[in-house]
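Student: Residue numbers (the numbering used here), protein chains in the order written: chain A, 19 to 304; chain B, 1112 to 1469.
Take a look at the following structure, please.
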Amino acid sequence: MMNFKNNRGKGGNSGDGNSISPGPGVSGQGDGSSAASNNRHEVKRKILVVGKTFAFTNGVIDYALNLSQRLGYDIIAMNVNPALAQTGKFFSPYNQHLRGKFTDRARLAWSPVESELASQGIHGEHVVKFESLVGAIKDLNHAIKRIDFVITDAGIKDEEITGEIPLPVFSISGYQGEQIMANEQHENAGRSKLLGKTIGLGLGVAALYAAVFINSDTVMKYFTKGGIYAALPIVTVFAISFVHGAFASNLWSLLGIEATKKVQPRVAPTRPAQRKRPRPQIHLNA
Amino acid sequence: MHDIASNLNFIDLNVWNISFLFVVGFIGGLVSGFIGSGGAFVLTPGMMSLGVPGTIAVASNMCHKFPKAMVGAYKRWKYGQVDIKLGLVMAASAGGGVQVGIKIQEWILEKWGQSGSNLYVSLSFVVILVVVGGYVFYDAMKASKGSGEDKAGALAKWLQSINLPPMMHFKTANVRISMWFTIPIGFATGLMAATIAVGGFIGVPGMIYGLGAGGLVSSATELVIAFVMGFFGTIKWAMHGQVDIRLTLIILAGSLLGVQLGAIGTTCVKESMIKFVMGTIMIIVAVSRGLAIPQYLTELKLISVGESTLSFLSSASFIIMCIALGVGSFIILGAMYKAKRAEALAKKVEFSVEYGKV
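Here it is in structure tokens:
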């Protein structure tokens, strides 16, 4: 589902909030469109698609493609990562490395999209920026003329797009985009929990083993007495197996050694059934 | 209740002993988790080579075997591979087989002494492992050329078609067969466990070719049988004060790591790989036990072989037995590594397609 929200200007409103087709009130550029339309490539209007992850969701690309085909617009796609923005005076090589990684991944993800756009006769450009979201959009709008409006991908909250941007902004809040961000955050949180559990269990196993071996003389005296004392070794191995078994299982998971996905787990899956990708729609606020 | 400890020789532990037991425990667990059995036939002689008396070696090994089987069975149950009902049904008749196996051992020991007993055990190893292991290996090679999926063989299909009440349906194994056909297989499993300490070498092929359960389900279900047999066997040994808990715990430290790794491995290889590993191990162990036979024949004065030759054969026998486990674990880990690499590559491709798709 797509929310139609126009966060245009500080004191401004969209005027014609019901329309997404370009008009003087919306584009705000005010140049001679008739002359511009003769030289399609240079002055072709553009849709700016913005996302905060290195890949855009299918929902936003689909929608942007649809719009650009109908309107005859080009697309500029911008991946923004404010978290890696250069702050302060000191240059961080590690941050530089992360920026490089992010850029590479973003380019890799964009490449097939660009090809697909080209096959539909749409010119697609790609930019990666490491600054605040609003700053990035403003800078790009200043550098590249003819951006008519912005579509933000899932994961960008409305409050992040303040009134400083002099363009209409539409936000996509599809299932997939949120899912990707939620999954990434969930994965990181899950891993630290697993590490904590593994260490805890490991310490538990070490304690149990230490208890047996430090007192080995006493242990051997009673554990080999026979008769009813037979319960001692049996209970001991059960107890250690539960703790060590859990530790070993977590350890292999932590090391990334897990069953392949094709295994059907005995536990009923708690995830809901995969929904079909929702077709982006505009809902107008009355 | 009597204090037996003073009559028994419990070895002193040092770094070498501990490391050896841990490593062998790990490899044994790995193979166990993968093919449903294994490890015991190296661990018992392995412990004896460290100076552990025979009965303590058997008892301590058994005391580690049932919790290892429990953890392995649980892990594979989570993967949907264990048929608990089949495991319990087989375990019931295996119990009978164990008792008969023990009686046979005692009779042979009485009649022909320790050498006769050892000869009987070694001959059993060689015959069963060559025949069954050879067939399993051949079947694995045949299956790997095809889709790798397990299909019930002709014998299993025929047995399943015989309507001899009570008929039993095993859901996970997807088998409907007369209870009467489970009895001989379970019984033979118990008999073998009491004779050569590895019931699975009969149990797993028996379930595959006799009942028509697939390789995955058979090897997983075998762990249930191993748990039941090991548990009751341990009670018996522990009541006689024969369990050296220190040895058990060291082996367990390694085997609980290994058994789960082996269980994970079954999810990322073709089903025929389980048969391939099993067949390979069985054939190599058969060679190992075959090399030990001249010693027992010499002791029974049936043949005459020089002392140095016997010593050489004895060492070769033990080394080859370790090689059997080593080869098995090498194949398992190699197959897992290849499968994980392929999975990672597929994920990468899927990722680019998914995120680049319009």
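We put the beta carbon where it would ideally sit given N, CA and C, even for glycine.
This one's a predicted model, so the numbers in the text were calculated from it and none came from an experiment.
#1: Which of the three DSSP states, helix, strand or coil, is assigned to F316(A)?
#2: Is any beta-carbon of chain B found at less than 8 angstroms from that of H141(A)?
#3: Going by DSSP in three states, T1283(B) sits in which element: helix, strand or coil?
#4: List the DSSP bridge partners of V67(A).
#5: When the cut-off is 8 angstroms and only beta carbons count, does F167(A) lie next to chain B?
#6: Whole angstroms are fine: how far does the CA of M1318(B) sit from the CA of Y1231(B)?
#7: Using the C-alpha atoms, what's the distance from V1416(B) back to T1096(B)?
#8: Residue range of the beta strand (DSSP E) that V1237(B) falls in?
#9: Flag G1136(B) as yes if its beta-carbon sits less than 8 angstroms from any beta-carbon of chain A, otherwise no.
#10: DSSP on V1309(B), reduced to helix/strand/coil?
#11: What residues of chain D sit near Y227(A), judged by a beta carbon separation below 8 angstroms?
#12: Who are the neighbours of G315(A) on chain B, taking C-beta pairs under 7 angstroms?
#13: I need the boundaries of the beta strand (DSSP E) containing K62(A), first residue and last residue.
#14: Since P251(A) meets chain B, which of its residues come closer than 8 angstroms, beta carbon to beta carbon?
#15: According to DSSP, V145(A) sits in a beta bridge with which residue or residues?
#16: Could you list which residues in chain A have their beta carbon closer than 7 angstroms to that of Y1448(B), in chain order?
#17: Looking at the structure shown, is S1160(B) part of a helix, part of a strand, or coil, going by DSSP?
#18: In whole angstroms, what separates the C-alpha of S110(A) from that of G214(A)?
#19: Rounded to a whole number of angstroms, what is the C-alpha to C-alpha distance between G1439(B) and F1145(B)?
#20: Taking the CB atoms as reference points, tell me whether A1205(B) and T1300(B) lie closer together than 8 angstroms.
#21: When the Cα atoms are used, what is the spatial distance from A1324(B) to V1211(B)?
#22: So what does DSSP say about S1289(B), is it helix, strand or coil?
#23: Taking only beta-carbon atoms, is I1375(B) less than 8 angstroms away from chain A?
#24: For G1376(B), tell me which candidate among S1330(B), G1352(B), V1238(B) and F1131(B) has the shortest Cα-Cα distance.
#25: Specify whether the region 1179–1195 of chain B and the region 1266–1273 of chain B touch according to this definition: at least 3 beta carbon pairs, one from each stretch, less than 8 angstroms apart.
#26: Please give the ranges of any alpha helix (DSSP H) in the region 1335–1382 of chain B, keeping only runs that are unbroken, at least 4 residues long and fully inside the region.
#27: Where does S133(A) fall in DSSP's three states?
#28: Could you tell me which of Y1249(B), P1316(B), M1252(B) and L1322(B) sits nearest to F1281(B), measuring between CA atoms?
#29: Pair every Cβ in the region 1183–1193 of chain B with every Cβ in the region 1340–1359 of chain B, then say whether three or more of these pairs are closer than 8 angstroms.
#30: Which whole-angstrom value is the C-beta distance of L1073(B) and S259(A), which I expect to be below 8 angstroms?
#31: Ignore the nearest five residues each way along the sequence and tell me which others in L83(A)'s own chain have a CB closer than 6 angstroms to its CB.
#32: Where does the unbroken alpha helix (DSSP H) through I252(A) begin, and where does it stop?
#33: Please list the terminal residues of the continuous alpha helix (DSSP H) segment that includes T1166(B).
#34: Using a Cβ-Cβ distance under 8 angstroms, would L1444(B) count as near chain A?
#35: Looking only at its chain, what residues have a beta carbon closer than 7 angstroms to the beta carbon of L269(A), apart from the 5 residues adjacent to it on each side?
#36: Can you pull the chain B neighbours of E276(A), defined as C-beta to C-beta under 9 angstroms?
Tutor: Per the coordinate set shown:
#1: As displayed, chain A neither begins before 19 nor continues past 304, which places residue 316(A) out of reach and without an answer.
#2: Taking the first residue of the first sequence as position 1, residue 141(A) is located at position 123. By this cut-off, H141(A) is not an interface position.
#3: Start at 1 with the first residue of the second sequence, and residue 1283(B) comes out as number 172. Looking at T1283(B) - three-state DSSP - the assignment turns out to be coil, as it is neither helix nor strand.
#4: Counting from 1 along the first sequence, the entry for residue 67(A) is found at position 49. Note: V67(A) sits in a beta bridge opposite A95(A) and I169(A).
#5: Numbered from its first residue, the first sequence carries residue 167(A) at position 149. For F167(A), the answer is no, since every Cβ of chain B falls outside 8 angstroms of its Cβ.
#6: On the second sequence, position 120 is the one that residue 1231(B) refers to. On the second sequence, position 207 is the one that residue 1318(B) refers to. One C-alpha to the other measures close to 25 angstroms.
#7: The requested residue 1096(B) is not part of the displayed model; chain B covers only 1112 to 1469.
#8: Within the second sequence, residue 1237(B) is the residue found at index 126, counting from 1. From DSSP, V1237(B) is part of no beta strand (DSSP E) but of the alpha helix (DSSP H) over I1195 to I1239.
#9: On the second sequence, position 25 is the one that residue 1136(B) refers to. Closer than 8 angstroms: no.
#10: Within the second sequence, numbered from 1, the residue matching residue 1309(B) stands at position 198. Of the three classes helix, strand and coil, the one that applies to V1309(B) here is coil, per DSSP.
#11: No chain D appears in the structure shown, which is made up of the protein chains A and B.
#12: The structure shown does not extend to residue 315(A), since chain A is modelled only from 19 through 304, so no value can be given for it.
#13: Here residue 62(A) corresponds to residue number 44 of the first sequence, with the count starting at 1. It is not in any beta strand (DSSP E) - K62(A) carries neither H nor E in the DSSP assignment.
#14: The residue you call residue 251(A) lines up with position 233 of the first sequence. C1174, T1345, A1349, V1354, I1356 and T1359, listed in chain order.
#15: Against the first sequence, residue 145(A) aligns to sequence position 127. The partner list for V145(A) (beta bridge, DSSP) reads M96(A).
#16: For the purposes of this step, residue 1448(B) is identified with residue 337 of the second sequence, where counting begins at 1. None at all; the shortest Cβ gap to chain A is about 10 angstroms.
#17: As a working mapping, residue 1160(B) is identified with position 49 in the second sequence. Helix, per DSSP.
#18: Counting from 1 along the first sequence, the entry for residue 110(A) is found at position 92. Counting from 1 along the first sequence, the entry for residue 214(A) is found at position 196. Straight-line Cα distance between these residues: approximately 30 angstroms.
#19: Within the second sequence, numbered from 1, the residue matching residue 1439(B) stands at position 328. Within the second sequence, numbered from 1, the residue matching residue 1145(B) stands at position 34. Each residue's alpha carbon lies about 10 angstroms from the other.
#20: On the second sequence, position 94 is the one that residue 1205(B) refers to. On the second sequence, position 189 is the one that residue 1300(B) refers to. Yes.
#21: Numbered from its first residue, the second sequence carries residue 1324(B) at position 213. Numbered from its first residue, the second sequence carries residue 1211(B) at position 100. Their Cα atoms are separated by approximately 26 angstroms.
#22: The residue labelled residue 1289(B) in the question sits at position 178 within the second sequence. S1289(B) falls in the strand class under three-state DSSP.
#23: Counted from its first residue, the second sequence places residue 1375(B) at position 264. Chain A, which has a Cβ nearer than 8 angstroms to the Cβ of I1375(B), makes this yes.
#24: Here the question's residue 1376(B) lines up with position 265 in the second sequence. Minimum Cα distance to G1376(B) is reached at S1330(B).
#25: no
#26: 1356–1377
#27: Here residue 133(A) is taken as the residue at index 115 of the first sequence, counted from 1. Helix.
#28: Residue mapping note: residue 1281(B) aligns to position 170 of the second sequence, counting from 1. Nearest of Y1249(B), P1316(B), M1252(B) and L1322(B) to F1281(B), Cα basis: L1322(B).
#29: no
#30: Limits of chain B in this structure are 1112 at one end and 1469 at the other, which puts residue 1073(B) out of reach.
#31: Mapped onto the first sequence, residue 83(A) falls at position 65. If we look at L83(A) and ignore the five residues flanking it on each side, it has no Cβ neighbours.
#32: Along the first sequence, one-based indexing puts residue 252(A) at 234. Where I252(A) is concerned, the enclosing alpha helix (DSSP H) stretches over A249 to L272.
#33: The residue you call residue 1166(B) lines up with position 55 of the second sequence. First-last of the alpha helix (DSSP H) with T1166(B): G1165 to K1189.
#34: Stepping through the second sequence from its first residue, residue 1444(B) is reached at position 333. It does not: the Cβ of L1444(B) has no partner Cβ on chain A nearer than 8 angstroms.
#35: Taking the first sequence and counting its residues from 1, the one referred to as residue 269(A) is at position 251. Around L269(A): T216.
#36: For the purposes of this step, residue 276(A) is taken as the residue at position 258 of the first sequence. The answer, in chain order, is I1375 and T1378.
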